[in-house]
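Sequential numbering of the sequence shown, starting at 20, is according to my numbering.
By construction, the Cβ of each residue, glycine as well, lies at the ideal position given by its N, Cα and C atoms.
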Amino acid sequence: MSSTTPKQSTRRDLLKRGAIAAGSLATLGLAPSAAEAAKASAQKWDHETDVVCVGSGAAACAAAVTAVGQGAKVILVEKMPLPGGTTGKSGGVTWIPNNPFLRARGIQDDKLDCLRYLARYAYPREYTPHSPTLGLDPHDYRLLETFYDKGSKMIEHLGKLDAVHFREFKMWFVDKYAPDYADHLPENKVSRGRALEPAAGAGSSVGGGSLASQMEKWLAARKMPILLEHRVTRVVKDGERVVGIEAMHGDKLVRIKARRGVVFGTGGFAHNTELVGLHQPGLYGACAMPGSTGDFISIAGAAGARMGSLNTAWRTQVVLEEALQNRAIGMGAFVLPGDSMILVNKYGRRIVNEKINYNDRTQVHFVFDPVKKEYPNQFQFMIFDGRSLDAFGGAFPIPADRRASPHLIEGASLAELSANIAARLDKLQDKTGGFKLEADFASQLADTVGRFNGYAKTGKDLEFDRGAHDYDKDWQALFSPVRKGSSQPANPMPNVTMHPFTEQGPYYAFILAPGALDTNGGPMINEHAQVLDTNGKPIPGLYGAGNCIASPARGAYYGAGGTIGMALTFGYIAGLHATGAAA
20 MSSTTPKQST RRDLLKRGAI AAGSLATLGL APSAAEAAKA SAQKWDHETD
70 VVCVGSGAAA CAAAVTAVGQ GAKVILVEKM PLPGGTTGKS GGVTWIPNNP
120 FLRARGIQDD KLDCLRYLAR YAYPREYTPH SPTLGLDPHD YRLLETFYDK
170 GSKMIEHLGK LDAVHFREFK MWFVDKYAPD YADHLPENKV SRGRALEPAA
220 GAGSSVGGGS LASQMEKWLA ARKMPILLEH RVTRVVKDGE RVVGIEAMHG
270 DKLVRIKARR GVVFGTGGFA HNTELVGLHQ PGLYGACAMP GSTGDFISIA
320 GAAGARMGSL NTAWRTQVVL EEALQNRAIG MGAFVLPGDS MILVNKYGRR
370 IVNEKINYND RTQVHFVFDP VKKEYPNQFQ FMIFDGRSLD AFGGAFPIPA
420 DRRASPHLIE GASLAELSAN IAARLDKLQD KTGGFKLEAD FASQLADTVG
470 RFNGYAKTGK DLEFDRGAHD YDKDWQALFS PVRKGSSQPA NPMPNVTMHP
520 FTEQGPYYAF ILAPGALDTN GGPMINEHAQ VLDTNGKPIP GLYGAGNCIA
570 SPARGAYYGA GGTIGMALTF GYIAGLHATG AAA
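Now the structure itself:
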């Protein structure tokens with residue numbers, strides 16, 4: 020991006036402008052008592068404002084825009100050199116149930132039906148359909164209920180403020196309403212149409228940047244500063260209440276007073292190898308920005324916060340060797356391209372529907388064999404033939420030019436491919452715990468390919484139901500477009516997600532490892548986005564939203580945009596509550 024683009028200029032202007040004086044608390048009806056004022060005046064602050072929002076992605080920006088919309092002054096604090104966070108490198112798709120566009124089309128996204136879908140997917144062990152809380156702890160139920168109740172209001176509110184306008188996401192060039200990631204569950208009564216995207220600047224590689232920058236520009240137009248390269252290190256408390264933050268800007272300590280609240284909308288901890296080792300062992304890389312190091316966990320912990328689950332994430336597979344070079348990967352293996360393509364484990368056996376959503380497919384890596392005391396799927400092998408290389412080259416991770424991919428493994432036959440995979444693993448053994456193929460991998464792989472070829476010819480996958488649901492077929496169409504100039508014909512098989520492997524090689528493989536978009540565990544919040552203390556009580560003045568808190572969805576990825584939908588909604592709720600408004 021050129022250094023003279025409007026977006027960069029706006030960011031430089033924000034840096035130069037710095038913090039601005041906040042409006043009088045008295046005019047807002049929130050003037051502190053004399054004792055509080057005296058105590059606060061004893062503190063030395065570099066800046067003062069009403070609300071401090073930490074981070075600059077969907078969650079923090081939604082909180083900032085909402086608070087400003089209520090008449091508050093806001094300072095946005097971001098530790099990276101550029102704003103936008105991980106949202107900025109996403110597609111910007113936003114999953115919102117019962118959204119205004121569904122209602123405009125006369126589609127009723129019934130609350131109880133939707134909550135059953137949310138609970139069934141996020142809490143399959145606890146889910147009890149006829150329980151008043153669907154079998155969930157009341158706290159967890161309230162969070163899901165709040166998401167349903169407030170998500171649509173958030174979309175409408177941001178539109179009324181003219182901060183961001185949304186439209187229905189129709190899968191870009193496929194031109195279909197996107198099916199949810201568990202469209203086949205009987206609880207899911209409205210399996211399409213919940214995914215939205217920015218009405219301006221939408222696109223697979225630019226939508227998230229557009230979403231974030233629109234909110235940044237809206238804040239800048241109202242003279243709300245964004246302090247870049249300010250790493251927050253702690254929150255400042257006056258008694259039980261959080262009244263500000265401390266941040267490091269280079270070598271300088273910067274203290275910012277927040278008269279009404281501090282909202283953390285920072286990332287997860289996907290790039291904090293110590294926390295990953297403790298809570299997410301086997302997470303090899305993530306699409307999250309390098310700043311996703313889980314700062315809020317220690318900050319909130321020092322403030323007395325109660326931690327929720329730390330072992331959940333928005334998951335995706337990654338190319339192992341790419342992640343070993345740099346765990347901050349550019350692209351995950353989201354919807355695996357190809358039709359003559361399978362995934363196998365160290366035994367040469369298929370273990371999953373290769374077209375199932377990336378979050379759920381990745382969890383198969385963590386299956387433990389209690390007899391052999393091993394993780395047989397720790398690494399998986401994406402096997403495909405020359406047809407898929409030619410037809411789908413350029414759809415990640417299949418390269419447009421095989422010579423340009425150092426991680427691609429090739430063999431003239433399945434036996435030679437197996438030997439070459441084993442040789443590649445030998446070179447990586449110091450970084451993989453000595454992971455090896457089983458001795459009969461080659462023969463098992465040949466049997467597996469033979470069975471798959473039979474399924475492809477009949478159109479029925481008797482092992483994993485590949486292609487049986489709308490999700491498989493529609494996302495295949497989006498992520499497996501036939502390459503322009505390919506010599507391969509359209510798939511003539513009865514199930515377009517499967518095609519028999521060619522009888523003759525060459526054959527190809529990638530080694531896939533478990534990765535993530537980002538983690539989504541951390542301090543617990545309530546339905547007002549307030550961070551809870553160890554007794555389950557709100558910490559006054561402290562809020563959280565996005566990937567830095569324990570996600571209301573836990574490990575469930577409801578549909579395209581599930582992470583951003585949650586982030587925007589609870590950021591909006593935090594902005595309203597911090598300014599004394601009802602959501």
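Rounded separation between residue i and residue j - CA only
i: M234; j: A548; result: 20 angstroms
i: G258; j: R380; result: 46 angstroms
i: P104; j: V515; result: The question names Pro, but residue 104 is Gly in the sequence shown. Whole-angstrom Cα-Cα distance: 37 angstroms.
i: L246; j: V93; result: 11 angstroms
i: D65; j: Y196; result: 49 angstroms
i: K479; j: A487; result: 8 angstroms
i: F387; j: P356; result: 27 angstroms
i: A441; j: L456; result: 6 angstroms
i: A221; j: L302; result: 30 angstroms
i: R334; j: I275; result: 35 angstroms
i: V251; j: P148; result: 43 angstroms
i: L587; j: D202; result: 23 angstroms
i: T312; j: F498; result: 30 angstroms
i: L230; j: K169; result: 19 angstroms
i: A458; j: Y394; result: 16 angstroms
i: N439; j: H298; result: 33 angstroms
i: E293; j: P300; result: 10 angstroms
i: A532; j: R260; result: 43 angstroms
i: L34; j: L238; result: Residue confidence for L34 is low, a pLDDT of 36 falling below 50, so the modelled location carries little weight; the figure read from the coordinates is stated next. Going from the Cα of L34 to the Cα of L238 covers about 13 angstroms.
i: G42; j: A240; result: Confidence at G42 is low in this model, with a pLDDT of 31, below 50, so its placement is unreliable and no value can be given for it.
i: G504; j: V193; result: 20 angstroms
i: A324; j: L155; result: 22 angstroms
i: L134; j: F166; result: 10 angstroms
i: H290; j: P511; result: 44 angstroms
i: V87; j: D537; result: 28 angstroms
i: V468; j: K476; result: 12 angstroms
Close-in-space but distant-in-sequence residues of the same chain around residue i (CB under 7 angstroms, 5 per side omitted)
i: G413; result: A419 and R502
i: Q15; result: Given that the chain is displayed from residue 20 to residue 602, the structure contains no residue 15 and the question cannot be resolved.
i: L427; result: P418, R421, Y527 and F529
i: W114; result: R213, A214, Y577, G578, A579, G580, G581 and G584
The beta strand (DSSP E) enclosing residue i, as first and last residue numbers
i: Q549; result: Q549 to L551
i: Y526; result: Y526 to T538
i: Q336; result: A332 to V338
i: T68; result: H66 to V73
Own chain residues within Cβ distance below 6 angstroms of residue i, not counting five before or after
i: I370; result: N364, V383 and N396
i: K633; result: Any question about residue 633 goes unanswered here, given that the chain covers just 20 to 602.
i: G107; result: G227, G228 and A231
i: G327; result: M543 and A569
Other residues of its chain near residue i: CB distance less than 8 angstroms, five sequence neighbours each side excluded
i: D491; result: N372, K374, I375, R485 and T516
i: H249; result: V96, E97, K98, A266, M267, H268 and V273
i: E482; result: R369, R470 and Y474
i: S437; result: G367, G430, L456, F460, A461 and L464
i: A434; result: A461 and A465
Strand pairing of residue i, partner residues [DSSP]
i: E429; result: Y527
i: T292; result: DSSP output for T292 lists no bridge partner at all.
i: D257; result: R260
i: E187; result: L215
i: A96; result: Before going further, note that residue 96 is Val rather than Ala in the sequence given. Answer by DSSP bridge pairing, in chain order: V73 and L246.
i: R274; result: E265
i: P542; result: M326
i: P557; result: L551
i: Y562; result: V282 and Q549
i: T113; result: L215
i: P198; result: R211
i: V251; result: A266
i: A79; result: A79 pairs with nothing; no bridge assigned.
i: A575; result: A575 is not bridged to any residue.
i: A352; result: Q336
Where the alpha helix (DSSP H) through residue i begins and ends
i: K169; result: P157 to K179
i: P119; result: P119 to A123
i: T582; result: G581 to A597
i: F471; result: F460 to T477
i: R135; result: K130 to A141
i: S317; result: D314 to A321
i: G226; result: G226 to A240
i: Q498; result: The sequence given here places Phe at residue 498; Gln does not occur at that position. It spans D489 to F498 - the alpha helix (DSSP H) in which F498 sits, taken as one unbroken run.
Report the residue ranges of all alpha helix (DSSP H) runs contained in full by the segment 356-424; include only those spanning at least 4 residues, in chain order.
Correct list: 377-381 and 405-411.
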